[in-house]
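The structure appears below as structure tokens.
Protein chains: 2
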Amino acid sequence: MPHSVQLLGISNAIVDILAHVDEDFLNAVGAVPGSMTLVDMDRAREIYAQMGPATEMSGGSVANTIAGFANLGGSSAYIGRVKADQLGGIFNHDMRSLGVDVRLDAASDGAPTARSLILITEDGQRTMQTYLGACTELSVADITPQTMGTPRAVLIEGYVWDLPEGPDLTARAIEIAKRNGTAVALSLSDSFCVERHQDSFEHAIRNGVDIVVADEDEVAALVGTDSYDDTLEALEGYDNLFAMTRSAQGSVIVHGDERIVQPATPVNEVVDTTGAGDAYTAGFLYGWVNDMPLSECAKIGTFCGTTVVQQLGARIEPGLLDSYS
Amino acid sequence: MPHSVQLLGISNAIVDILAHVDEDFLNAVGAVPGSMTLVDMDRAREIYAQMGPATEMSGGSVANTIAGFANLGGSSAYIGRVKADQLGGIFNHDMRSLGVDVRLDAASDGAPTARSLILITEDGQRTMQTYLGACTELSVADITPQTMGTPRAVLIEGYVWDLPEGPDLTARAIEIAKRNGTAVALSLSDSFCVERHQDSFEHAIRNGVDIVVADEDEVAALVGTDSYDDTLEALEGYDNLFAMTRSAQGSVIVHGDERIVQPATPVNEVVDTTGAGDAYTAGFLYGWVNDMPLSECAKIGTFCGTTVVQQLGARIEPGLLDSYS
Numbered sequence: 001m002p003h004s005v006q007l008l009g010i011s012n013a014i015v016d017i018l019a020h021v022d023e024d025f026l027n028a029v030g031a032v033p034g035s036m037t038l039v040d041m042d043r044a045r046e047i048y049a050q051m052g053p054a055t056e057m058s059g060g061s062v063a064n065t066i067a068g069f070a071n072l073g074g075s076s077a078y079i080g081r082v083k084a085d086q087l088g089g090i091f092n093h094d095m096r097s098l099g100v101d102v103r104l105d106a107a108s109d110g111a112p113t114a115r116s117l118i119l120i121t122e123d124g125q126r127t128m129q130t131y132l133g134a135c136t137e138l139s140v141a142d143i144t145p146q147t148m149g150t151p152r153a154v155l156i157e158g159y160v161w162d163l164p165e166g167p168d169l170t171a172r173a174i175e176i177a178k179r180n181g182t183a184v185a186l187s188l189s190d191s192f193c194v195e196r197h198q199d200s201f202e203h204a205i206r207n208g209v210d211i212v213v214a215d216e217d218e219v220a221a222l223v224g225t226d227s228y229d230d231t232l233e234a235l236e237g238y239d240n241l242f243a244m245t246r247s248a249q250g251s252v253i254v255h256g257d258e259r260i261v262q263p264a265t266p267v268n269e270v271v272d273t274t275g276a277g278d279a280y281t282a283g284f285l286y287g288w289v290n291d292m293p294l295s296e297c298a299k300i301g302t303f304c305g306t307t308v309v310q311q312l313g314a315r316i317e318p319g320l321l322d323s324y325s
Numbered sequence: 326m327p328h329s330v331q332l333l334g335i336s337n338a339i340v341d342i343l344a345h346v347d348e349d350f351l352n353a354v355g356a357v358p359g360s361m362t363l364v365d366m367d368r369a370r371e372i373y374a375q376m377g378p379a380t381e382m383s384g385g386s387v388a389n390t391i392a393g394f395a396n397l398g399g400s401s402a403y404i405g406r407v408k409a410d411q412l413g414g415i416f417n418h419d420m421r422s423l424g425v426d427v428r429l430d431a432a433s434d435g436a437p438t439a440r441s442l443i444l445i446t447e448d449g450q451r452t453m454q455t456y457l458g459a460c461t462e463l464s465v466a467d468i469t470p471q472t473m474g475t476p477r478a479v480l481i482e483g484y485v486w487d488l489p490e491g492p493d494l495t496a497r498a499i500e501i502a503k504r505n506g507t508a509v510a511l512s513l514s515d516s517f518c519v520e521r522h523q524d525s526f527e528h529a530i531r532n533g534v535d536i537v538v539a540d541e542d543e544v545a546a547l548v549g550t551d552s553y554d555d556t557l558e559a560l561e562g563y564d565n566l567f568a569m570t571r572s573a574q575g576s577v578i579v580h581g582d583e584r585i586v587q588p589a590t591p592v593n594e595v596v597d598t599t600g601a602g603d604a605y606t607a608g609f610l611y612g613w614v615n616d617m618p619l620s621e622c623a624k625i626g627t628f629c630g631t632t633v634v635q636q637l638g639a640r641i642e643p644g645l646l647d648s649y650s
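Taken in order, these protein sequences are the chains called A and B. So the first sequence is residues 1 to 325, counted in the working numbering. So the second sequence is residues 326 to 650, counted in the working numbering.
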């Protein structure tokens with residue numbers, strides 16, 4: 001079957017609200033530095049009221065990857081739920097303006113569009129307080145042969161398992177993908193997310209997932225190890241392709257007996273780590289859907305991730321590959 | 326009468342939607358480079374649909390000045406109309422988070438919060454397409470001794486004269502200010518705005534306005550001259566204090582016989598000229614309300630304007646004066 005697009009993303013559709021804060025602010029609102037916490041609307045309002053002036057831009061982990069993938073020149077589509085409010089309009093506008101085929105209409109009622117309050121400290125680290133809103137209404141009925149089409153690969157976000165119908169809708173997505181010869185990639189999202197859904201992720205990885213994109217902590221949480229060497233050894237028990245990022249230690253690609261170690265690129269100034277992993281994934285999958293060798297996929301991923309940590313904002317800008325050599 | 330705050334702003338409350346575009350984009354949408362055009366909602370939607378991914382942040386010329394003034398450490402208040410929608414929430418949040426006393430509640434119905442589509446070309450120039458929305462509902466009834474209080478100075482935006490009740494509400498604001506010993510500052514906004522309201526501005530400047538803040542083109546449009554020397558000569562016929570910016574030529578302060586010439590500071594890279602004049606005004610008025618000599622007011626204004634052209638975004642960040650010497 002011919003592939004309709006190269007990459008389809010299924011994920012939480014979120015608008016980021018970014019502000020610089022100091023460490024004291026994190027303490028005052030009881031936020032764990034570097035974590036992503038799900039909050040309800042009241043709590044989101046309470047934290048927002050204490051934040052300084054902010055900048056708003058479209059976000060969401062896998063949504064960032066899809067936007068970045070589009071800006072690298074890949075063809076892509078997206079399934080995620082926003083409401084037809086102003087933030088939802090911003091999210092869908094930004095996706096469509098990149099040529100991403102947005103498959104779901106904004107909901108006319110229900111919870112407002114999701115937003116993530118992203119608190120950036122001086123070290124460039126991000127601490128996120130996320131209100132999922134309209135995302136929680138993503139349902140099994142949204143995942144159909146029509147909305148999915150026949151992409152070369154589908155990238156599913158681990159956070160989707162947090163949604164009420166998440167386990168069922170992801171199972172449905174994997175089933176449709178398998179039927180159409182679509183490769184299934186899973187982003188593990190964050191290590192707490194892995195802890196929440198360890199059994200489900202393990203099951204999916206053993207039954208349908210082809211590619212796992214994750215950082216070292218997330219993989220460790222998945223396989224229950226606490227050292228890099230143990231993690232690598234544990235991965236010998238998997239047939240999947242793992243693209244594992246390791247921050248300043250670079251990344252490693254594991255596929256069966258194959259191990260490709262990709263060093264990190266030195267960075268002058270870390271402005272904002274938001275989206276570094278998402279950008280790596282965009283670059284890695286861009287190489288993969290274009291049938292490049294895994295070592296090249298890892299190199300492009302590293303190039304994209306390195307660029308994004310040096311800017312404020314999570315998404316890859318257009319034309320980035322022009323400066324890739 | 327003691328002054329409640331140092332500076333009150335009365336202006337259009339606008340959220341900026343910023344995107345980088347190339348010159349061709351301006352031609353394609355028929356926009357005059359560097360201009361501000363008022364558009365209706367349909368036209369705003371049409372242009373937005375053609376724009377790439379954008380960043381949203383609170384804007385508005387005098388609103389930027391008030392926010393910057395607050396970040397310099399001044400006490401301030403604000404009168405402007407937003408709707409109680411998501412963009413309105415963003416605007417009021419950002420003002421309040423700086424300690425600005427927002428005097429009007431968001432409207433529960435009526436037109437949506439204003440937004441300005443800001444198209445930034447590679448030369449750092451901005452071209453704005455502004456939908457005024459809720460701003461057009463600012464009324465005479467909003468200007469009362471209670472909402473105005475007794476500030477040391479009130480800064481009124483020229484663009485307010487574009488609103489249906491603009492001429493009446495500004496007359497009322499000037500009347501209340503005069504009664505309370507509040508100095509009246511007028512921002513001329515842009516030279517097209519001056520052409521639209523030349524008689525009204527002239528009348529206000531002769532009857533109540535103490536300080537005029539403007540760039541050279543705006544002053545020239547006001548006094549009907551076409552050279553710098555002619556403009557300076559024409560200003561001899563005014564008693565007002567003029568703070569006139571001249572881009573790379575710096576600025577000049579004119580007050581009666583007094584002329585203070587303030588050179589510009591060389592800039593390494595112009596990122597975005599949005600808000601340079603607004604930031605100058607914030608710095609100038611910060612000096613003025615703190616009874617600094619006019620030469621010092623001009624220096625602080627220049628420092629603020631120079632900083633803002635080197636960043637993406639119109640508003641002065643907190644703590645800027647820490648690096649002023």
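Think of the CB as a built atom: it goes at the ideal place given N, C-alpha and C, for glycine as much as any other residue.
Residue i lies in the alpha helix (DSSP H); which residues open and close that run?
i                : result
Gly301 (chain A) : Leu294 to Val309
Ser328 (chain A) : As displayed, chain A neither begins before 1 nor continues past 325, which places residue 328 (chain A) out of reach and without an answer.
Val219 (chain A) : Glu216 to Val223
Leu494 (chain B) : Gly491 to Asn505
Asp603 (chain B) : Ala601 to Val614
Leu163 (chain A) : Looking at the DSSP string, Leu163 (chain A) is not in any alpha helix (DSSP H), and its letter there is neither H nor E.
Ala508 (chain B) : Run containing Ala508 (chain B): none in the alpha helix (DSSP H); it sits in the beta strand (DSSP E), Ala508 to Ser512.
Leu658 (chain B) : The structure shown does not extend to residue 658 (chain B), since chain B is modelled only from 326 through 650, so no value can be given for it.
Name the DSSP beta bridge partners of residue i, please?
i                : result
Arg126 (chain A) : A:Ile120
Glu583 (chain B) : B:His580
Val538 (chain B) : B:Ser512 and B:Ala568
Leu333 (chain B) : B:Ala402 and B:Val479
Asp426 (chain B) : B:Ala402
Tyr456 (chain B) : B:Arg440
Since residue i meets chain A, which of its residues come closer than 9 Å, beta carbon to beta carbon?
i                : result
Ser386 (chain B) : Here the premise fails: no neighbours, minimum Cβ distance about 16 Å.
Ala392 (chain B) : Pro53
Leu423 (chain B) : Gly52 and Pro53
Residues of chain B with a CB under 7 Å from the CB of residue i: which are they?
i                : result
Asp85 (chain A)  : Gln411
Ile329 (chain A) : Nothing in the structure corresponds to residue 329 (chain A), since chain A is present only between 1 and 325.
Taking the continuous beta strand (DSSP E) assigned at residue i, which residues delimit it?
i                : result
Val62 (chain A)  : Per DSSP, Val62 (chain A) belongs to no beta strand (DSSP E); it is in the alpha helix (DSSP H), Ser61 to Asn71.
Thr570 (chain B) : Leu566 to Thr570
Val479 (chain B) : Ala478 to Glu482
Ala19 (chain A)  : Ile14 to His20
Ala466 (chain B) : Segment: none, Ala466 (chain B) is in no beta strand (DSSP E) and carries neither H nor E.
Ala316 (chain A) : Looking at the sequence itself, residue 316 (chain A) is Ile, so the reference to Ala does not match. Ile316 (chain A) -> no beta strand (DSSP E), and no H or E assigned at all.
Gly110 (chain A) : Where Gly110 (chain A) is concerned, there is no enclosing beta strand (DSSP E), given that its DSSP letter is neither H nor E.
How would you list, in chain order, the residues of chain A whose beta-carbon sits under 8 Å from the beta-carbon of residue i?
i                : result
Met382 (chain B) : Pro53, Ala54, Thr55 and Glu56
Tyr373 (chain B) : His93
For a contact meaning CB atoms closer than 8 Å, what does residue i contact in chain B?
i                : result
Arg315 (chain A) : Pro378
Could you check whether the Cβ of residue i sits closer than 6 Å to any heavy atom belonging to the ligand MG?
i                : result
Gly612 (chain B) : Inclusion of the ligand MG in the displayed structure is not the case, the ligand content being empty and no account of it being possible.
Item to check | Runs of beta strand (DSSP E) wholly within the segment 24-98 of chain A (minimum 3 residues, chain order) | outcome: 36-38, 55-59 and 76-79
Q | Segment contact flag, the segment 173-181 of chain A with the segment 206-221 of chain A, C-beta cutoff 8 Å, min 3 pairs | A | yes
Next item on the list: Inspect the CB distances between the segment 145-162 of chain A and the segment 5-12 of chain A and report whether three or more fall short of 8 Å.
Entry: yes
Open item on the list: Count Cβ pairs between the segment 425-432 of chain B and the segment 456-475 of chain B that sit closer than 8 Å; are there 3 or more?
Closed with: yes
Cβ contact (3+ pairs, closer than 8 Å) linking the segment 397-414 of chain B and the segment 605-612 of chain B:
yes
Original post:
Hey, is the segment 370-390 of chain B in contact with the segment 339-348 of chain B, meaning 3+ C-beta pairs nearer than 8 Å?
Top reply: yes
Can you find at least 3 beta carbon pairs, one from the segment 405-412 of chain B and one from the segment 349-362 of chain B, that sit closer than 8 Å?
-> no
message: Under 8 Å, with one C-beta from each stretch per pair, do the segment 223-236 of chain A and the segment 178-195 of chain A reach the 3-pair mark?
response: no
If we count Cβ pairs, one from each stretch, closer than 8 Å, do we get three or more for the segment 303-319 of chain A versus the segment 354-367 of chain B?
no
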